[in-house]
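Protein chains in written order, with the working numbering: chain V, 518 to 937; chain Z, 21 to 429.
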């Protein structure tokens, strides 16, 4: 290809963006992309994926990013560019492998509760930071939220306020005793080192005060991780069942306490919608692949990219990428500028984040479908990687409550709906 | 069984009692050999080949349209179209990949058996693959498609041949690099290679053991995993005259019509199975801690779309079968008209069935994405089948040629 990749232009003017993107691009191009076609068979053991994570998380140190500087971290949680910088990273990792990007993002997710201003819990940061600092192995975190019954009910927080949560946490002197069964958290299937567990201190309650977010190290007695699920794609992210049976942790492992846990959990949900980047990164790679494929292959004797009908489809694809990307970084800006747009845990920001993720996930999947159809018989080849991205980004529509919850949160805010 | 027969409407009157019985046999095969064994044997290649053998030879699907004198049941293919659609729906319900393998071979068989230029020797050889003893011998189709910028070959209807034939006194020789079959390139007993020559286009039937054929490694693909494919090199491959059949636009269309028809039927069956899976999943699922999911209007709307896509598509596919049997009753005057109808219905059916499955996956969330529920297999298989017919744009160009007289497209 003799044209510069238009998506390599920085989306902000920050020198830090160039620096961070370059580090991750180098890792992606040299460590992940050369072997990612074997990742599907590595879903269960991560023999290939694990070492690649080690380079990113431990050797390059990205597992320290969110942690405050005073505990050895990079202090991103106190940055005014937390969300935008996260989007750079997510997009670059997902360009190589969306599953790994999800796993990477979820490593930060529970720390949104305790390591992000203005609600940093220094005692918990000091407690858990050494796990991530003093090691040469990748350390994985997980948010244990979804339960067997009810699907996305727990994420439907503004309607249900934790009413359907079955995982219980009761105080016994100065310890929480946790019991419950969670499904599908990212970075589980035996991988997680630390859980943020969404639970209730009063089953059936609709009071925010009764919803608790409690940290549980994975090696705590009573914690069991099941085997990873086999999925259509996303081999880079392991998911499985997690059981908590009379698990005991100190009382101060609760993130903030009654009311505040539920409040800041809304921020966890909002920032989770930056998963839109996990759809955009792969589409940037699909663009790169199409540049090559459509120059080499012909239809009716003309290079595909010079065939007007194909060119129209190609135009739709890059339009989707550009518009989705604009939406993502616009959202990131709004979430960073809390001084202008208000706190990230507000229904307004949750709705804006939900609709952005919903739009981006839908559009990217639609465009990946277009790419496969342009490639005809080759569109389903693992050799060209487009089908891998297609399988991976389908998940972007489904997780975090899926499309339907995103629609409800959006309608609830924009139309003042009361009962959805 | 009850689902495909009763819940999604189609013109039952076009099927005779014998056809219904054949479809019931296929349905029993689908349930007992595949659907009930999914948890342990889904996408197990040996099991899929075993099931294909039962379907094709023991139940006798592949012999249906072969002449009686070469071991078949003697049904006229065009008269069997509705029966075949009904049967392939059942196959698609169980495993679209097995349907795909069977359908491509059936379409090629129809072309050979009905072609006046095909020799008896070729017909008998093809028949032995379809109904002879032992495992199913697969024929792999190397269709025209995307060309390569560095190597130009003959172009038919915008699609480029992947191999070239040169005529000698008593034989032909075939040349082609990295030709990409549509199906089973790695396992095929024979290749049916769409080739260009100095005086037109030909379908060259080449046993895979012929000297000069080199197969690559198995290519991993999104779906249709039992159709183990690879790129093929043909280097100075000698082919007897008995195995080279001329093919023009009409011949190419005839092959495509059958593929469009049977693959569309498979897609319907596949979507019907996904409907059943999401219905079972949703049946007693509680949301918001109180109500059934299916009683929530938003979720009910999504579930309705899953079903309505099938309701919309199924009659069209049965209509296409009827048009194959009685083109005159649809006002179709020639193969070109039938071809455009077939392509249009194929594209629309694939779109709708994929839409239906996508909506089901959205409803089921992560469960729809996990292998345990088998929905994702239908999704991967159908998407693969859709692109294996060459993609949307070449078909749109066909329609532009037909309806608007576009020449350069």
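Idealized CB from N, CA, C, for every residue including glycine.
Look at residue 762 (chain V) here: in three-state DSSP terms it is strand. At a cut-off of 8 Å between beta-carbon atoms, residue 229 (chain Z) makes no contact with chain V. Contact between residue 374 (chain Z) and residue 336 (chain Z) is absent: CB atoms are separated by about 15 Å, not below the 8 Å threshold. Residues of the same chain with a CB within less than 8 Å of the CB of residue 110 (chain Z), apart from the 5 flanking positions on each side, are 24, 43, 46, 47, 49, 50 and 289 in chain order. In this structure the segment 747–758 of chain V touches the segment 555–575 of chain V; the number of beta carbon pairs closer than 8 Å is three or more. Contact annotation: the segment 626–633 of chain V does not touch the segment 873–891 of chain V, with fewer than three C-beta pairs closer than 8 Å.
Under DSSP, residue 196 (chain Z) forms a beta bridge with Z:254. The shortest CA-to-CA distance from residue 155 (chain Z) to any of Z:142, Z:77, Z:221 and Z:308 is the one to Z:77.
Sequence-distant partners of residue 540 (chain V) (beyond 5 residues in either direction) whose C-beta falls short of 7 Å from its own C-beta, in its chain, are 577.
Proximity of residue 911 (chain V) to chain Z, defined by a Cβ-Cβ separation below 8 Å, is satisfied. Ranked by Cα distance from residue 691 (chain V), the options V:765, V:636, V:726 and V:739 are led by V:765. Neighbourhood of residue 412 (chain Z) in chain V, by CB distance below 7 Å: 890, in chain order. Residue 932 (chain V) is classed as exposed because its beta carbon has fewer than 16 other beta carbons within 10 Å across all chains shown. At least one beta carbon of chain Z lies nearer than 8 Å to the beta carbon of residue 816 (chain V).
Listed along chain Z is no residue with a C-beta nearer than 8 Å to that of residue 931 (chain V); the closest approach is about 15 Å. Taken in chain order, the members of the segment 824–856 of chain V whose beta-carbon sits within less than 8 Å of a beta-carbon on chain Z are 824, 826, 827 and 830. DSSP, reduced to helix, strand and coil, places residue 772 (chain V) outside both helices and strands of the structure shown, so it counts as coil. Residue pairing for residue 224 (chain Z): DSSP places it in a beta bridge opposite Z:213 and Z:264. When CB distances to chain V are screened at a threshold of 7 Å, not a single residue of the segment 245–270 of chain Z falls below it. At a cut-off of 8 Å, the C-beta of residue 158 (chain Z) has no neighbouring C-beta in chain V.
DSSP places residue 693 (chain V) in the uninterrupted beta strand (DSSP E) bounded by 692–699.
Membership of residue 184 (chain Z) in the beta strand (DSSP E) is indicated by the continuous run 183–187. DSSP places residue 81 (chain Z) in no alpha helix (DSSP H); its state is neither H nor E. Here DSSP, grouped into helix, strand and coil, assigns residue 372 (chain Z) to helix.
Residue 249 (chain Z) is bridged by DSSP to Z:239. Here the alpha carbon of residue 585 (chain V) sits roughly 18 Å from the alpha carbon of residue 785 (chain V). Exclusion of the five residues before and after residue 642 (chain V) leaves 584, 585, 588, 631 and 632 as the residues of its chain whose Cβ lies within less than 7 Å of its Cβ. Less than 8 Å divides the Cβ of residue 703 (chain V) from the Cβ of residue 659 (chain V). Within the segment 30–114 of chain Z, the complete alpha helix (DSSP H) segments at least 4 residues long are 37–49, 58–61, 65–73 and 101–114, listed from N- to C-terminus. Residue 789 (chain V) does not reach chain Z, its nearest Cβ partner there being about 14 Å away, counting only Cβ pairs nearer than 8 Å.
Within chain V, no residue has its CB atom less than 9 Å from the CB of residue 211 (chain Z), the nearest being about 15 Å off. Taking CB atoms only, residue 407 (chain Z) has a neighbour in chain V less than 8 Å away. Residues of the segment 671–690 of chain V with a Cβ closer than 8 Å to any Cβ of chain Z, in chain order: 673, 676, 677, 680 and 681. Against chain V, the beta carbon of residue 386 (chain Z) has neighbours under 9 Å at 663, 668, 700, 701, 746, 748, 756, 912, 915, 916 and 919, listed in chain order. The beta carbon of residue 538 (chain V) sits closer than 8 Å to those of 527, 605 and 609, all from its chain and outside the five residues before and after it, given in chain order. The three-state secondary structure of residue 742 (chain V), taken from DSSP, is strand.
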